[in-house]
Amino acid sequence: MDTPVTIGRLAREAGLAAETLRYYERIGLIQPVQRTQSNYRLYDSHAELRLRFIRRAQNLGFSLTEVKELLDISSSAENDMGDVKALTEQKIAEIDFKIADLQRMRSALAIQAERCPGHGSVDNCPILASLSEAEGDMAVRRRWDVSRDQPTPRSVAQR
1 MDTPVTIGRL AREAGLAAET LRYYERIGLI QPVQRTQSNY RLYDSHAELR
51 LRFIRRAQNL GFSLTEVKEL LDISSSAEND MGDVKALTEQ KIAEIDFKIA
101 DLQRMRSALA IQAERCPGHG SVDNCPILAS LSEAEGDMAV RRRWDVSRDQ
151 PTPRSVAQR
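Residue numbers for the sequence shown, in UniProt numbering: 1 to 159.
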């Protein structure tokens with residue numbers, strides 16, 4: 001795209017809603033290169049490249065706040081790639097934490113599924129009974145509780 005395009009065309013080409021692009025503009029992820037006399041936003045090919053970057057980063061699990069941080073770092077060649085690596089390692093730690101959490105949940109569910117014969121009255125269902133028990137009786141911790149022996153993604157990143 002050599003000539004500037006409207007927000008509608010850029011949105012169609014990027015597979016996004018125009019409102020999404022307006023939101024990205026409000027939070028500083030993209031900026032129009034100019035506005036027409038009727039105040040329409042016009043974007044250049046740089047905006048299309050940024051949208052691809054945003055989509056790829058989101059597909060890898062980066063939040064829009066983290067994407068903005070990555071874009072800010074990349075905006076100057078004087079910035080150090082160590083900052084990018086640190087953000088990436090923090091994201092890896094968060095993903096590892098989520099994987100461990102999902103594995104704990106899967107194990108707890110597998111145990112419950114194993115205990116259930118799969119037929120008969122729900123009054124005798126061991127899965128429903130276990131869900132009615134106190135939280136401490138289950139093998140899965142609440143997702144956002146801080147545990148003494150399990151680091152949170154933030155505590156891993158702060159080390």
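Cβ coordinates follow ideal geometry from the N, Cα and C atoms, glycine included.
Could you tell me whether the stretch 39-46 touches the stretch 3-16, using the rule of 3 or more Cβ pairs below 8 Å?
-> yes
Which of helix, strand or coil DSSP assigns to Y43 | As a working mapping, residue 43 is identified with position 43 in the sequence shown. Looking at Y43 - three-state DSSP - the assignment turns out to be strand.
Determine which residues share a DSSP beta bridge with T6 and list them.
-> Start at 1 with the first residue of the sequence shown, and residue 6 comes out as number 6. According to DSSP, T6 bridges with L42.
Just curious, the alpha helix (DSSP H) that S76 is in, first and last residue?
-> Walking along the sequence shown from the start, residue 76 turns up at place 76. Here S76 belongs to no alpha helix (DSSP H), and DSSP marks it neither H nor E.
Is it right to say L10 is buried, meaning 16 or more other beta carbons lie within 10 angstroms of its own, or is it exposed?
-> Numbered from its first residue, the sequence shown carries residue 10 at position 10. Buried: at least 16 other Cβ atoms inside 10 Å.
Rounded distance between the beta-carbons of L64 and I27, thought under 8 Å | As a working note, residue 27 is residue 27 in the sequence shown. As a working note, residue 64 is residue 64 in the sequence shown. Right, their Cβ atoms sit about 7 Å apart.
The alpha helix (DSSP H) with P126 in it runs from where to where?
-> Residue numbering aside, residue 126 sits at position 126 when the sequence shown is read from its first letter. Element bounds for P126: 126-132.
Measure how close the beta-carbons of L29 and V67 come, nearest whole angstrom, since I'm counting them as under 8 Å.
-> Working through the sequence shown from its first residue, we reach residue 29 at position 29. Working through the sequence shown from its first residue, we reach residue 67 at position 67. Right, the Cβ-Cβ distance comes to about 7 Å (below 8 Å), so this counts as a contact.
For I54, count neighbouring Cβ atoms within 10 angstroms of its own Cβ and tell me buried if that reaches 16, exposed if not.
-> What you label residue 54 is simply residue 54 of the sequence shown in a count that begins at 1. Answer is buried; the Cβ neighbour count reaches 16.
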